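Chains A and B, in that order, are what the protein sequence lines are. Quick note on our numbering: the first sequence kicks off at 1110 and runs consecutively. Quick note on our numbering: the second sequence kicks off at 752 and runs consecutively. Beta carbons are placed, not taken as given, at the ideal position from N, Cα and C, and that holds for glycine. Here the structure is a predicted model, which is why all the values come from computation and not from measurement. As structure tokens, the structure follows; a few thoughts come after it.
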Amino acid sequence: MKNELQRDVERVSLTLNVNGERSQVLVPVHKTLLEVLREDMGLTGTKHGCELGECGTCTVLIDGRPELSCLVLPVQVEARAITTVEGLAVGSELHPLQQAFAELGAAQCGYCTPGILLASRALLDVNPKPTRDEIREALAGNLCRCTGYVKILQAVELASTRMSS
Amino acid sequence: MLRLPRFRYLRPKTAREAAHMARDLGPKAMFVAGGTDLYPKLKRRQFEIEALIGLDFLDRRVDGGTIGAGATLADVASHAGVPRGYGQAAGHVSSPPLRNAGTAGGNLCVDTRCNYYDMTYEWRKAIGFCLKKDGDICLVAPSSPRCWAVSSSDTAPMAIALGATVVLASDDGEREAPVAALYRDDGIDYLAKQPHEVVTEIRLPVAARTSSAYVKLRRRGSIDFPIAGAAVALELDGDVVDSCRIVLSAVASHPLEAAAAGEFLAGKRLDRDVIQAAADLAAKPAKPLDNADLTHFWRKRMVRVVVEQAIQEAIGAGGSTVKLAGQ
């Protein structure tokens, strides 16, 4: 902790590929992807939770796989495709997962929802018809303090059915 | 909010270059691969560094028994060619999103853990700091001159049980060393490799006659570090044990080999009584202290259980593994 704030800040210019758009940012190298998304790019759909890799609410997809943006440095993912919850809907049309979550009340306070939507999307991309156990396993890194998970599991199943039909 | 401290991020292209940087910078720099353990610890100010040396160049491929140190734990866990127990161990590390970032090499080098150490700076300051960071005494065993933080790698015990080796790259060449030789029985100085050496590859002997399994005990089955774990690798000749290695996780400052239990099993036919006797022997050297989740008395008692289950799992007789209420 000694003299930490007296150190110079190393800034890096990065081109990040977020939701299919390339954006150039000039950011301190020690800022996490979560902080850069929210504070420098205005993408506040990705949430701050524990910031220690335990709760999963900051989940984003990196090359299609869920990772925790509170534990990723932008400099490490410059050449990779980043998807946030803002990238799920197409125009005004919600992603089938978002639609199912809204219809079934799978969100209460909604704070964990962006992370859970993205982890679910990654699952359905590789396994369009998952069993309930497979959904549980895929969402094992995402904590919800409100719902008890049942509606979340049902919503993923509903979206899976709709997307495969 | 927990922010990372200011640091420089260095991007070497090769392990040799990374080792050179690490040798130059000494304790002011650390390597980072997946960062899933390092970043939380930096946020809690458990490490004070000025630079991170990114290991993004590491090979990420998994090819049966040869695993690039940069391979994600998720890729190791889902690869059909790796020994079964090693895949199980990788698949039990932390949670799914962290396994997509955490690496095989990183899990071998993961820092030791302790209830008095893995806390925020303010918490540790309030309690007077501990021997491992900023303090003078071990808060778990105040009269002891050493640190008792717990080795918490899941893959290290399994790699040792399988007789795996690692390739360590330095700025003046490479060497291959047994994974067993990577560790010291010391909570602070827990790695026996040179600080500037980079783990670049893990080599697991793949033998058709070897069966292996890893059983892990933790509070939440979805995320936690181990509070007891057993890695078992058996070579069978029919139903008689040719050789067996049992290595325990999370019961000491290093992966703890239960050599007496392995020797006991050699030449024996595996029935229920023999397995239980081996599990009793294996649990003897485990001396968990009151510095991890749940009580150490209970963790000590559960070592026998996880060993028994791991042996049964290795020979294909595994049933339900140990679970806490509610899992």
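Proximity winner among the options, relative to residue i (alpha-carbon distances)
i, options, result
"S902/B", "T951/B, D922/B, E1008/B", "E1008/B"
"L1233/A", "P1205/A, V1118/A, T1141/A", "P1205/A"
"L1161/A", "L793/B, G805/B, R812/B", "L793/B"
"G989/B", "K1019/B, F1015/B, P977/B, A1011/B", "K1019/B"
"Q945/B", "A825/B, F1048/B, M781/B", "M781/B"
"V1057/B", "S1000/B, L1040/B, P1006/B", "S1000/B"
"P848/B", "T823/B, C860/B, A1010/B", "T823/B"
"R762/B", "L755/B, R971/B, A770/B", "A770/B"
"A1043/B", "R864/B, E799/B, Y790/B, V949/B", "R864/B"
"T1166/A", "A1216/A, M1150/A, S1274/A, M1272/A", "A1216/A"
"K884/B", "P778/B, A1011/B, Q797/B", "Q797/B"
"S846/B", "Y837/B, A825/B, C860/B, A1037/B", "A825/B"
"G938/B", "L955/B, F880/B, S1004/B", "S1004/B"
"R1230/A", "Q1208/A, C1218/A, G1219/A", "Q1208/A"
Boundaries (first-last residue) of the beta strand (DSSP E) holding residue i
i, result
"Y760/B", "759-761"
"I974/B", "Per DSSP, I974/B belongs to no beta strand (DSSP E) and is neither H nor E."
"I1171/A", "1168-1171"
"F782/B", "780-783"
"K967/B", "961-968"
"A920/B", "916-921"
"R954/B", "949-954"
Cβ of residue i within 9 Å of any chain B Cβ
i, result
"R1271/A", "no"
"G1154/A", "no"
"N1251/A", "yes"
"C1221/A", "no"
"A1190/A", "no"
"K1140/A", "yes"
"G1257/A", "no"
"I1171/A", "yes"
Pairwise C-alpha distance: residue j and residue i
i, j, result
"G1224/A", "A784/B", "23 Å"
"D869/B", "N1251/A", "21 Å"
"G816/B", "V833/B", "6 Å"
"L1032/B", "V983/B", "14 Å"
"T871/B", "D788/B", "14 Å"
"Y965/B", "I911/B", "12 Å"
"L933/B", "M909/B", "13 Å"
"V1002/B", "A979/B", "6 Å"
"F976/B", "D807/B", "25 Å"
"E986/B", "P1175/A", "37 Å"
"L1226/A", "P1239/A", "15 Å"
"G786/B", "Q1063/B", "34 Å"
"C995/B", "R759/B", "46 Å"
"A828/B", "Q1115/A", "43 Å"
"G853/B", "T916/B", "20 Å"
"L1203/A", "L1197/A", "7 Å"
"R926/B", "V1184/A", "30 Å"
"A892/B", "W899/B", "8 Å"
Buried versus exposed, by CB contacts within 10 Å (16 or more), residue i
i, result
"M752/B", "exposed"
"R969/B", "buried"
"N858/B", "buried"
"F1015/B", "buried"
"F1048/B", "exposed"
"A1017/B", "exposed"
"E1212/A", "exposed"
"C1253/A", "buried"
"I878/B", "exposed"
"G1200/A", "exposed"
"T961/B", "buried"
"A1076/B", "Below a pLDDT of 50, predicted positions are generally treated as unreliable, and A1076/B, at 42, falls in that range; the measurement from the model is reported next regardless. So A1076/B ends up on the exposed side."
Min CB distance residue i to chain A below 9 Å
i, result
"S846/B", "yes"
"I974/B", "yes"
"F758/B", "yes"
"R795/B", "yes"
"N851/B", "yes"
"A1043/B", "no"
"G1077/B", "Reliability of the predicted coordinates at G1077/B is poor, the pLDDT of 37 falling under 50, and no value is obtained from them."
"E801/B", "yes"
"P1039/B", "no"
"Y790/B", "yes"
"L955/B", "no"
Contact test: residue i Cβ vs the ligand COA heavy atom, cutoff 8 Å
i, result
"G1250/A", "The ligand COA is absent from the structure shown, which contains no ligands of any kind."
Where the alpha helix (DSSP H) containing residue i begins and where it ends
i, result
"S829/B", "824-829"
"Q1263/A", "1259-1273"
"G886/B", "No alpha helix (DSSP H) holds G886/B; DSSP gives it neither H nor E."
"S1229/A", "1222-1235"
"P791/B", "789-794"
"Q839/B", "835-842"
"L1016/B", "1010-1016"
"P847/B", "847-850"
"G857/B", "855-859"
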